[in-house]
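S.K.: Note that the UniProt record's numbering has the sequence shown beginning at 1, numbered continuously upward.
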Amino acid sequence: MKKITLTILTSLLFFNVYSQFMALPGIKAGGNYSNLMGDSRETGKFGFHVGAIAEIQITGNMFFQAEVLYSLQGAKYDIVEETLEYDRKVDLHYLNVPLMAKIYLNGYDDGWFFEVGPQVGFLVFAKETVDGTLNGEPIYEEAKVTDFYSATDLYGSFGVGYKPFDSDFFISARYNLGLTDVDEYEDVDVKARNTVVQLSFGFIFD
1 MKKITLTILT
11 SLLFFNVYSQ
21 FMALPGIKAG
31 GNYSNLMGDS
41 RETGKFGFHV
51 GAIAEIQITG
61 NMFFQAEVLY
71 SLQGAKYDIV
81 EETLEYDRKV
91 DLHYLNVPLM
101 AKIYLNGYDD
111 GWFFEVGPQV
121 GFLVFAKETV
131 DGTLNGEPIY
141 EEAKVTDFYS
151 ATDLYGSFGV
161 GYKPFDSDFF
171 ISARYNLGLT
181 DVDEYEDVDV
191 KARNTVVQLS
201 FGFIFD
């Protein structure tokens, strides 16, 4: 219930910004390559993001862009021991709210842009999957682990993108560096920070 309420409040805030400041609305979607920094055994995993954006002109080539994105993140772990070999996958489902300063180098209607700003993440759901063998026998387990990860996360984000001449389409690449430890397992003394590389395609309703 709390997650649903949070989603509704975030959406209302987003659309209030749109109505108050004559923002240009848009949509974006793309792929993630995410990881949890802090444990040498983890490897990255692929996911996705999708959501709405609102772009507001501040002055000249400088804009403010607010976003509400659903994002699948997490990491993978490859564990090999004497009688045990398995892959452990962590799926972290977030509702992310990036607040980006955006600068177009050659004007709004043509060319490259850079963006930088904070992002707040709200954990919606977390799941861990174990798939492997124990003493030669197959094992497979799934578990909901939402309570073992922090409910919120804070990121520093920066990226680059390109908007073709006189077009409403754009492409962008962004790096999100988690600034807080999201691992709340009490019996494991390991810090874990989200890191996410994103490639996005979007459309602004100009």
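From the three backbone atoms N, C-alpha and C, an ideal C-beta is built for every residue, glycine too.
How is the beta strand (DSSP E) around M22 delimited, first residue to last?
M.R.: Segment: none, M22 is in no beta strand (DSSP E) and carries neither H nor E.
S.K.: Which class does D183 belong to by DSSP, given the choice of helix, strand or coil?
M.R.: Here D183 sits in strand by DSSP.
S.K.: May I ask which residues mark the beginning and end of the beta strand (DSSP E) holding L84?
M.R.: 84-104 is the extent of the beta strand (DSSP E) around L84.
S.K.: Tell me the rounded alpha-carbon separation between F64 and D181.
M.R.: Going by the C-alpha atoms only, they are around 28 Å apart.
S.K.: On the three-state DSSP scale, how would you describe D131?
M.R.: If DSSP states are grouped into helix, strand and coil, D131 belongs with the strands.
S.K.: By the DSSP assignment, the beta strand (DSSP E) with E81 in it spans what residues?
M.R.: Run containing E81: none; DSSP gives neither H nor E here.
S.K.: Whole angstroms is fine: what's the gap from Y77's alpha carbon to G107's?
M.R.: Whole-angstrom Cα-Cα distance: 45 Å.
S.K.: By how many angstroms is the C-alpha of P138 removed from the C-alpha of E85?
M.R.: Approximately 10 Å between the Cα atoms of the pair.
S.K.: What's the call for Y149, buried or exposed, on a 16-neighbour Cβ count within 10 Å?
M.R.: The residue is buried, with at least 16 neighbouring Cβ atoms inside 10 Å.
S.K.: Look up D147 in the DSSP assignment and say whether it is helix, strand or coil.
M.R.: Here D147 sits in helix by DSSP.
S.K.: Around the Cβ of T195, are there at least 16 other Cβ atoms within 10 angstroms (buried) or fewer (exposed)?
M.R.: T195 should be labelled buried.
S.K.: When the Cα atoms are used, what is the spatial distance from Y178 to P164?
M.R.: The question names Tyr, but residue 178 is Gly in the sequence shown. If I take the Cα positions, the gap works out to 31 Å.
S.K.: Just verifying my parser: in three-state terms, what is the DSSP assignment at D153?
M.R.: Correct three-state label for D153: strand.
S.K.: Among N135, D110, V68, which has the Cα closest to the Cα of L99?
M.R.: The shortest Cα separation from L99 among N135, D110, V68 belongs to V68.
S.K.: Taking the straight line between their C-alpha atoms, what separation do you get for E55 and A151?
M.R.: About 27 Å.
S.K.: What do you reckon, are the CB atoms on I27 and G159 nearer than 8 Å?
M.R.: Not closer than 8 Å, so no.
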